[in-house]
Each structure stands twice: as structure tokens, then as C-alpha cells.
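Student:
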Amino acid sequence: MSDLYVSWTEYHQKIEQLAARIHQSGWEFDQIVCIARGGLRVGDTLSRIFGLPLAILSTSSYRGSGKQSRSSLVFSRDLSMTTPGLGSQILLVDDLVDSGESLKRTLKWLDRYYGFYIDEIRTAVLWHKACSTIQPDYYVDYLDNNPWIHQPFEIYEQMNPAEIQLESGIKSDQAPSSTARPDP
């Protein structure tokens, strides 16, 4: 398996390209739902570009000893949203579609819990891998060699607060800087 390394600049360009493809299709949607965590940045940016509300569906794949296998996908109990209800034309976004299982199961979850409100759902991702069993409606890059994608934010998975404090030169006895407004 090959590797694909993506910089922050490339990552943001991919999101903008995805927005252009969606816009070019002429499809009018009224709600964006992103799959967290991978789709959070994509969903947030698309929500800002299209000026539409964002709902977040948190998911988790457990791994490691004593935990469920990687293929076990756990959904949050509900969507997190700031609107009174879910729109009827939904754009479901994630960063990539690999096997396709997460996207398929998310579509089933949305149908089960919100299907009454939804007229149409379309899917959008940055990267569509050839090994996927589902075809997203919108994507930027089709990857026929199924590379492992290294996204720019993955560096944070190797960091911890103590190391960051040490590297930033902040001493433990140093008072934090405050930008809070003074009490009236």
C-alpha cells in the first residue's frame, strides 16, 4: 500500500474544489451533516461556504487491546445541531470513503432516526478510494491505488499537553495569559 501525504494548503484546496463540484451540480440542499471526526473540518468549511446549518454525527471506531475491533462503528445517540429540525435535502460529508462501510452505515442510521424528515441525501468526500463499496455523489480525487492518506492534523495524535508546554517554553508556575474582559 502506498502513502499519500497531504499538507494543510492541499487539504483546504481539496475542500474548496469539493465545494465547487457541489455548486456546479446545481443541487440545492438545506442542511449539511458531517461525520465526526474526519468530516468535521470538511463540514465546517462547507457550511461556511454555502451559508447552511451544520449538524454533527459523532462516530467512533474502537481499537487496541481490550477494545472492540476497528470495524465496530459506534454512533452517538443523536445529531448535534443548532436548528430546531433537520433539513430535508441533506449533504452528508466525510473526509474520505475507504471501504465504504462507515458511509453506508451512516446513511442507514440517518434513515432510521431521521428518515421521516429527509427527502434526499447526497454524499460528498475529498477522497474516494477504489476499494470502496459505495460511490459518493461528489468527490475530488479518485484513488485507484488505495493509498494510506496522511492528513495534516494527524500530528496532533502524537502530541500531549505536557510536551507542548515544554516545547513552547511555558513554565508551570507561569500565570496563563488572559484575554478575558475585566469584571464590570
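The UniProt record's numbering puts the first residue of the sequence shown at 1, with every later residue one more than the last. For each residue, glycine too, the CB sits at the ideal point set by N, CA and C.
1. Do the region 17–32 and the region 115–128 make contact, defined as three or more Cβ pairs closer than 8 Å?
2. Starting from Ile35 and walking both ways along the alpha helix (DSSP H), at which residues does that stretch end?
3. Count the CB pairs spanning the region 77–85 and the region 134–141 that are closer than 8 Å, and state whether there are at least three.
4. Tell me the residue span of the beta strand (DSSP E) that contains Ser168.
5. Within the UniProt domain "Phosphoribosyltransferase" (7–157), note down every full alpha helix (DSSP H) run reaching 4 residues or more, in order along the chain.
6. Which of helix, strand or coil does DSSP assign to Asp3?
7. Are the CB atoms of Val33 and Leu92 nearer to each other than 8 Å?
8. Taking Cβ positions, are Trp127 and Asp141 nearer each other than 8 Å?
9. Please report the distance separating the alpha-carbon of Gly66 from that of Ser58.
10. Spatial neighbours of Gln151 within its chain, please: C-beta separation below 6 Å, excluding the five flanking residues on both sides.
11. Closest by CA to Ser25, which one among Ile170, Glu154, Tyr139?
12. Mark Leu166 as exposed unless 16 or more other C-beta atoms lie within 10 angstroms of its C-beta, in which case mark it buried.
Tutor: Result, derived from the coordinates:
1. Segments in contact, yes.
2. Locating residue 35 in the sequence shown gives position 35, counting from the first residue. Counting along the chain, Ile35 sits inside no alpha helix (DSSP H); it lies in the beta strand (DSSP E) bounded by residues 31–36.
3. Taking 8 Å as the limit for Cβ pairs, the verdict is that the region 134–141 does not touch the region 77–85.
4. The residue labelled residue 168 in the question sits at position 168 within the sequence shown. Segment 161–168 is the alpha helix (DSSP H) holding Ser168; no beta strand (DSSP E) there.
5. For the UniProt domain "Phosphoribosyltransferase" (7–157), whole alpha helix (DSSP H) runs of length 4 or above, ordered along the chain, are 8–25, 40–50, 101–114.
6. Residue mapping note: residue 3 aligns to position 3 of the sequence shown, counting from 1. When DSSP states are grouped into helix, strand and coil, Asp3 belongs to the strand group.
7. Your numbering for residue 33 matches position 33 in the sequence shown. Your numbering for residue 92 matches position 92 in the sequence shown. The Cβ-Cβ distance between Val33 and Leu92 falls below 8 Å.
8. Taking the first residue of the sequence shown as position 1, residue 127 is located at position 127. Taking the first residue of the sequence shown as position 1, residue 141 is located at position 141. Contact check for Trp127 against Asp141 passes: the beta carbons are separated by less than 8 Å.
9. Sequence index remark: in the sequence shown, residue 66 carries index 66 (1-based). Sequence index remark: in the sequence shown, residue 58 carries index 58 (1-based). Bear in mind that a pLDDT of 36 at Gly66, under 50, signals an unreliable position, so the number given afterwards is only what the model happens to contain. Their Cα atoms are separated by approximately 22 Å.
10. For this step, residue 151 is matched to residue 151 along the sequence shown. Cβ neighbours of Gln151 beyond the five flanking positions: Val6.
11. The residue given as residue 25 occupies position 25 in the sequence shown. The option with the nearest alpha carbon to Ser25 is Tyr139.
12. The residue given as residue 166 occupies position 166 in the sequence shown. Classification for Leu166: exposed.
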